[in-house]
Amino acid sequence: MGNDFKFLHEYPLFSGLNDEQMQAVMEVCREECFVPDAILFEEGQPAHEIFVLVEGEVEETFTVDEAKLSLLRPVDVGEIIGCPALVPPYTQKCTARSLSEIEVLAIDAVGLRELFAQDCQIASAIQQHVIEALLERIGKMRVASAKFGQY
(Lines of atoms letter the chains of each structure in order from A and count residues from 1; the text may use other names and numbers.)
(Lines give C-alpha, C1' and ligand atoms only; values in the text may rest on other atoms or scores of the structure.)
Protein backbone atom coordinates (compact mmCIF):
# COMPACT_ATOMS: atom_id res chain seq x y z
CA MET A 1 0.00 0.00 0.00
CA GLY A 2 2.96 2.29 0.36
CA ASN A 3 2.41 5.61 2.07
CA ASP A 4 -0.60 6.67 0.01
CA PHE A 5 -3.61 6.62 2.31
CA LYS A 6 -5.95 8.30 -0.17
CA PHE A 7 -7.41 4.95 -1.26
CA LEU A 8 -9.04 4.65 2.18
CA HIS A 9 -11.49 7.39 1.12
CA GLU A 10 -13.06 4.76 -1.16
CA TYR A 11 -14.42 2.92 1.88
CA PRO A 12 -17.42 4.32 3.80
CA LEU A 13 -15.89 2.96 7.01
CA PHE A 14 -13.30 5.75 6.87
CA SER A 15 -15.44 8.55 5.42
CA GLY A 16 -15.47 10.62 8.63
CA LEU A 17 -11.68 10.81 8.96
CA ASN A 18 -9.30 13.61 8.00
CA ASP A 19 -5.99 12.99 6.19
CA GLU A 20 -3.94 12.71 9.39
CA GLN A 21 -6.38 10.18 10.84
CA MET A 22 -6.42 8.25 7.55
CA GLN A 23 -2.63 8.04 7.68
CA ALA A 24 -2.81 6.60 11.21
CA VAL A 25 -5.46 4.04 10.21
CA MET A 26 -3.47 3.01 7.14
CA GLU A 27 -0.71 1.80 9.47
CA VAL A 28 -3.01 -0.98 10.75
CA CYS A 29 -4.37 -1.97 7.29
CA ARG A 30 -3.16 -4.25 4.55
CA GLU A 31 -4.64 -5.52 1.31
CA GLU A 32 -5.05 -9.28 1.15
CA CYS A 33 -6.35 -11.79 -1.39
CA PHE A 34 -7.97 -15.17 -0.80
CA VAL A 35 -8.69 -18.08 -3.14
CA PRO A 36 -12.20 -19.55 -3.45
CA ASP A 37 -13.39 -21.56 -0.44
CA ALA A 38 -10.90 -19.91 1.94
CA ILE A 39 -11.98 -19.41 5.54
CA LEU A 40 -11.35 -15.83 6.70
CA PHE A 41 -12.36 -16.70 10.27
CA GLU A 42 -14.47 -19.26 12.13
CA GLU A 43 -17.38 -18.90 14.51
CA GLY A 44 -16.25 -19.08 18.14
CA GLN A 45 -12.60 -18.28 17.40
CA PRO A 46 -10.75 -15.21 18.71
CA ALA A 47 -11.35 -12.17 16.49
CA HIS A 48 -8.09 -10.47 15.54
CA GLU A 49 -9.05 -8.63 12.34
CA ILE A 50 -11.92 -6.94 10.63
CA PHE A 51 -12.18 -6.93 6.86
CA VAL A 52 -13.74 -4.73 4.22
CA LEU A 53 -14.73 -6.72 1.13
CA VAL A 54 -13.14 -4.99 -1.87
CA GLU A 55 -13.89 -7.53 -4.58
CA GLY A 56 -15.44 -10.97 -4.88
CA GLU A 57 -18.05 -12.96 -3.02
CA VAL A 58 -18.12 -13.96 0.64
CA GLU A 59 -20.73 -15.73 2.71
CA GLU A 60 -21.18 -15.72 6.46
CA THR A 61 -22.72 -18.72 8.19
CA PHE A 62 -23.71 -18.96 11.79
CA THR A 63 -25.30 -21.65 13.90
CA VAL A 64 -28.53 -21.20 15.80
CA ASP A 65 -27.95 -23.47 18.80
CA GLU A 66 -31.53 -24.35 19.75
CA ALA A 67 -32.55 -25.38 16.26
CA LYS A 68 -29.08 -26.58 15.23
CA LEU A 69 -29.46 -24.67 11.97
CA SER A 70 -26.74 -23.07 9.95
CA LEU A 71 -27.92 -19.75 8.54
CA LEU A 72 -26.32 -18.10 5.55
CA ARG A 73 -25.83 -14.42 4.74
CA PRO A 74 -24.12 -13.13 1.59
CA VAL A 75 -21.72 -10.21 2.04
CA ASP A 76 -21.82 -7.25 -0.33
CA VAL A 77 -18.72 -5.49 -1.72
CA GLY A 78 -17.79 -2.65 0.63
CA GLU A 79 -19.26 -4.37 3.68
CA ILE A 80 -17.44 -4.87 6.95
CA ILE A 81 -16.77 -8.47 7.96
CA GLY A 82 -15.72 -9.50 11.47
CA CYS A 83 -17.15 -6.68 13.61
CA PRO A 84 -16.82 -8.73 16.84
CA ALA A 85 -13.09 -7.95 16.68
CA LEU A 86 -14.02 -4.48 17.96
CA VAL A 87 -16.22 -5.58 20.88
CA PRO A 88 -15.26 -7.62 23.97
CA PRO A 89 -14.91 -10.56 24.31
CA TYR A 90 -13.46 -10.32 20.74
CA THR A 91 -14.89 -13.66 19.58
CA GLN A 92 -16.22 -14.29 16.06
CA LYS A 93 -19.98 -14.86 15.90
CA CYS A 94 -19.97 -16.50 12.46
CA THR A 95 -17.75 -18.17 9.89
CA ALA A 96 -16.74 -16.18 6.80
CA ARG A 97 -15.82 -18.10 3.64
CA SER A 98 -14.85 -16.85 0.19
CA LEU A 99 -17.05 -18.04 -2.67
CA SER A 100 -14.71 -16.69 -5.34
CA GLU A 101 -11.29 -15.10 -5.47
CA ILE A 102 -11.60 -12.12 -3.18
CA GLU A 103 -9.70 -9.02 -2.23
CA VAL A 104 -10.16 -7.51 1.21
CA LEU A 105 -8.79 -4.68 3.23
CA ALA A 106 -7.62 -6.44 6.41
CA ILE A 107 -7.49 -4.27 9.52
CA ASP A 108 -5.58 -5.28 12.64
CA ALA A 109 -8.25 -4.96 15.33
CA VAL A 110 -5.81 -4.56 18.23
CA GLY A 111 -4.04 -1.74 16.40
CA LEU A 112 -7.35 -0.12 15.52
CA ARG A 113 -8.56 -0.32 19.13
CA GLU A 114 -5.29 1.32 20.20
CA LEU A 115 -6.00 4.13 17.72
CA PHE A 116 -9.47 4.46 19.24
CA ALA A 117 -7.86 5.00 22.66
CA GLN A 118 -5.51 7.65 21.24
CA ASP A 119 -8.02 9.56 19.10
CA CYS A 120 -11.68 9.61 20.10
CA GLN A 121 -12.64 11.15 16.73
CA ILE A 122 -11.30 8.08 14.92
CA ALA A 123 -13.21 5.88 17.37
CA SER A 124 -16.43 7.84 16.97
CA ALA A 125 -16.35 7.98 13.15
CA ILE A 126 -15.53 4.30 12.66
CA GLN A 127 -17.82 3.01 15.40
CA GLN A 128 -20.71 5.08 14.05
CA HIS A 129 -20.27 3.50 10.63
CA VAL A 130 -20.02 0.00 12.15
CA ILE A 131 -23.23 0.55 14.13
CA GLU A 132 -25.03 1.84 11.03
CA ALA A 133 -23.85 -1.19 9.04
CA LEU A 134 -25.00 -3.59 11.76
CA LEU A 135 -28.41 -1.90 12.01
CA GLU A 136 -28.79 -2.26 8.24
CA ARG A 137 -27.95 -5.97 8.51
CA ILE A 138 -30.50 -6.42 11.28
CA GLY A 139 -33.11 -4.73 9.11
CA LYS A 140 -32.32 -7.04 6.19
CA MET A 141 -32.50 -10.09 8.45
CA ARG A 142 -35.88 -8.99 9.81
CA VAL A 143 -37.25 -8.63 6.29
CA ALA A 144 -35.85 -12.03 5.30
CA SER A 145 -37.29 -13.63 8.45
CA ALA A 146 -40.70 -12.07 7.81
CA LYS A 147 -40.70 -13.45 4.26
CA PHE A 148 -40.19 -16.93 5.66
CA GLY A 149 -42.72 -16.47 8.45
CA GLN A 150 -40.09 -16.75 11.16
CA TYR A 151 -40.32 -13.26 12.61
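Under our numbering, the residue at position 38 of the sequence shown is numbered 38, and the numbers go up by one with no gaps. We treat Cβ as the ideally placed atom computed from N, Cα and C, and that holds for glycine.
- Rounded to the nearest angstrom, the Cβ distance from Ala109 to His48 is 6 Å, consistent with a contact under 8 Å.
- Setting aside the 5 residues that flank it on each side, Arg73 is surrounded in the same chain by Glu60, each with a C-beta closer than 6 Å to its C-beta; the list follows chain order.
- Under the DSSP assignment, Asp108 falls outside any alpha helix (DSSP H), being part of the beta strand (DSSP E) whose first and last residues are 102-108.
- Under the rule that a run must span 4 or more residues, the alpha helix (DSSP H) segments found entirely inside the region 10-37 read 19-26.
- Spanning the alpha carbons of Ile102 and Gln45 requires a straight line of approximately 21 Å.
- Following the DSSP letters along the chain, one finds Glu59 inside the beta strand (DSSP E) bounded by residues 58-64.
- Annotated as proximal: Glu57 and Ser100, with beta-carbon spacing under 8 Å.
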